[in-house]
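Number of protein chains: 2
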Amino acid sequence: MSLKALIDDNRSAIEADPVKASATFAVTGHLAGTTEVAICARHHGLTVDEPPALAGADRGANPVEHALIALASCQAVTYLFWAAQLGIELESVHVIAEGDLDVRGFFGFDQNVRPGFTAVRLKVTPSGPESAGRYEQLADAVDAHCPVYDIFSNATPIERNVAVTAS
Amino acid sequence: MSLKALIDDNRSAIEADPVKASATFAVTGHLAGTTEVAICARHHGLTVDEPPALAGADRGANPVEHALIALASCQAVTYLFWAAQLGIELESVHVIAEGDLDVRGFFGFDQNVRPGFTAVRLKVTPSGPESAGRYEQLADAVDAHCPVYDIFSNATPIERNVAVTAS
Chain A
-4 MSLKALIDDN RSAIEADPVK ASATFAVTGH LAGTTEVAIC ARHHGLTVDE
46 PPALAGADRG ANPVEHALIA LASCQAVTYL FWAAQLGIEL ESVHVIAEGD
96 LDVRGFFGFD QNVRPGFTAV RLKVTPSGPE SAGRYEQLAD AVDAHCPVYD
146 IFSNATPIER NVAVTAS
Chain B
-4 MSLKALIDDN RSAIEADPVK ASATFAVTGH LAGTTEVAIC ARHHGLTVDE
46 PPALAGADRG ANPVEHALIA LASCQAVTYL FWAAQLGIEL ESVHVIAEGD
96 LDVRGFFGFD QNVRPGFTAV RLKVTPSGPE SAGRYEQLAD AVDAHCPVYD
146 IFSNATPIER NVAVTAS
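Protein chains in written order, with my numbering: chain A, -4 to 162; chain B, -4 to 162.
Okay, structure coming up:
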C-alpha cells in the first residue's frame, strides 16, 4: 500500500470512528547500573547511559541525546509522510539535531538557568527532483505537524505520581 | 569518586570557569528504509522505526516512544544525582512514562489537534530506607532540575535550516 493510500485509509477510519485517532504510548525504565537505565518500549529494549564525566559507563546515548534522537527521527518520518500528502517526490532526507545545555540547571548551581536545552538547531537536507521552493513548502508542513517538534516547541502537561516502596 | 564528590568538583570547576558549564549534544539521522531512521549519537548507532500500521517494519521504538525514553531515563538519572545532592539514600528507581497522542494532529486531519502528546503521565517508584516525605522532597527537586522534564514542560527555541540537495 502506498503512503498516500495509508493516509487516506486512516482518514476514512477516523472519520467513521474518531476514537481510532487516539493512541497511548508507554515505556518503562529503571536504574540498572550507576547511571545506566534499562528501557523497554513494547518489545524493544535499549540502554541509556551517561558518559564517564557524569559517572556513567557510556553504554548508550544519554537521556538528552535521546530527546534529539526523537526529534531527528520524527522529522525524517514526517518529511516522508508529508511528501506523500503534498505529492512531493522525496528521494532522501538527512537530519542533524543539535542542542545546547548549560549543566548549571541540572546541578542546581544557578536557579536562573533552565535544566533543558537553551537552544536547538535542526539542519535538514531533503533531496529529490523538485524545486527548492517545494522542499521549503514541505519543511513548513513538517514543522507544523511533526509530533516531537511540537513537544519541543510547546508545553506538554505532565501528571506525575510518586509511589514510594519501603525497602 | 562518589556522586557527591563529582557534583562538588563540577561546581568548583564551573565557578572557576563558567564556560565549562556549556555542552552541545548532536545526533544525525537519515531515512534508511521505508520509515526506518538510522541514527548516530557520537559512537552510538541505533534504529528508529514505525510499526506496520504506519508503514514501517518495527525495527526499533518509534520517534514518540524515543521522546518517552528520553523522559523516563532522564528522570531515573536525575533521581540518582539529586538523591546524592540531598543526602537521601536511594536503592532503586523505576519509571513508567505514558503519552497520549491524537494522530489527527500528525496527519493534519484536524488543525485544532496538536501533533504532539496531549497528555503525559509519569509514574515513579523510588525505593529505599527513607520516609515517604523524603522521597516526595526528592521528586520535587528532580522535576525542577530534570533536563528532559523541562523540555516537555516548557517551550524550547528551535532554529531550523533546510538545505535542498539537487538529485
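Glycine is no exception: its CB is placed at the ideal position from the N, C-alpha and C atoms. As the structure is a prediction and not an experimental result, all values here were calculated from the model.
- Membership of A:Leu75 in the alpha helix (DSSP H) is indicated by the continuous run Pro58 to Leu81.
- Here DSSP, grouped into helix, strand and coil, assigns B:Asp97 to strand.
- For A:Glu125, no alpha helix (DSSP H) run applies, since DSSP gives it neither H nor E.
- Under the three-state reduction of DSSP, B:Asn149 is assigned to coil, being neither helix nor strand.
- Between B:Phe104 and A:Gly55, the alpha-carbon positions lie close to 37 angstroms from each other.
- With respect to the C-alpha of B:Leu41, the residue from B:Leu49, B:Val22, B:Ala48 and B:Thr29 having the closest C-alpha is B:Val22.
- Remark: C-beta atoms of A:Tyr144 and A:Cys69 approach each other more closely than 8 angstroms.
- With a beta-carbon spacing of about 5 angstroms, A:Pro142 and B:Gly111 fall inside the 8 angstroms limit used to define contacts.
- B:Ala36 counts as buried, since no fewer than 16 other beta carbons sit within 10 angstroms of its beta carbon.
- Residue pairing by DSSP places A:Phe104 in no beta bridge whatsoever.
- Residue-level contact check: B:Val22 touches chain A, since one or more beta carbons of chain A fall below 8 angstroms from its beta carbon.
- Proximity of B:Asp4 to chain A, defined by a Cβ-Cβ separation below 8 angstroms, is not satisfied.
- Chain B places no beta carbon closer than 8 angstroms to that of A:Ala52, leaving this residue out of the contacts.
- If only complete runs of 3 or more residues are kept, the stretch 5 to 44 of chain A shows the beta strand (DSSP E) at 17 to 26, 32 to 36 and 39 to 43, in order along the chain.
- A:Ile34 sits away from B:Ile34, with the two beta carbons spaced by 8 angstroms or more.
- Shown here for A:Ala92: same chain residues with a beta carbon closer than 6 angstroms to its own, the five before and five after excluded, namely Leu63, Leu66, Ala67 and Leu117 in chain order.
- Residue environment analysis places B:Pro58 among the buried positions, since at least 16 neighbouring C-beta atoms fall within 10 angstroms of its C-beta.
- Between the stretch 119 to 133 of chain A and the stretch 39 to 53 of chain B there are fewer than three C-beta pairs closer than 8 angstroms, too few to call the two in contact.
- Between A:Phe102 and B:Arg99, the C-beta gap is not smaller than 8 angstroms, which leaves the two residues out of contact.
- Per DSSP, reduced to three states, the secondary structure at A:Glu154 is strand.
- Distances from the CA of B:Thr30 to each of A:Trp77, A:Asp12 and A:Glu45 were compared; the closest alpha carbon is that of A:Trp77.
- Contact note: A:Ala134 reaches chain B through Arg155 and Val157, using a C-beta cutoff of 8 angstroms and chain order.
- Against chain B, the beta carbon of A:Gly100 has neighbours under 8 angstroms at His140, Pro142 and Asp145, listed in chain order.
- A:Asp4 and A:Asp44 have their C-alpha atoms roughly 40 angstroms apart.
- Residues of the stretch 103 to 126 of chain B with a Cβ closer than 7 angstroms to any Cβ of chain A, in chain order: Gly103, Phe104, Arg109, Pro110, Gly111, Phe112, Ala114, Val115, Arg116, Leu117, Lys118, Val119, Thr120, Pro121, Ser122, Gly123 and Pro124.
- Chain order gives the chain A residues near B:Ala71 as Gly24, His25, Leu26 and Val32, where near means a beta carbon separation below 7 angstroms.
- Looking at the DSSP output, B:Lys(-1) sits in no beta bridge, so it has no partner there.
- B:Val137 carries a helical assignment under DSSP once its states are collapsed to helix, strand and coil.
- Contacts with chain A at 8 angstroms (Cβ-Cβ) do not include B:Pro47.
- For B:Gln80 and B:Val14, the gap between their C-alpha atoms comes out near 22 angstroms.
- Under the 10 Å beta carbon count, B:His140 is surrounded by 16 or more other beta carbons and is classified as buried.
- Shown here, A:Ala92 sits in a strand according to DSSP, grouped into three states.
- Inclusion of A:Val32 and B:Ala71 in the CB contact set at 8 angstroms is warranted, their separation being smaller than that value.
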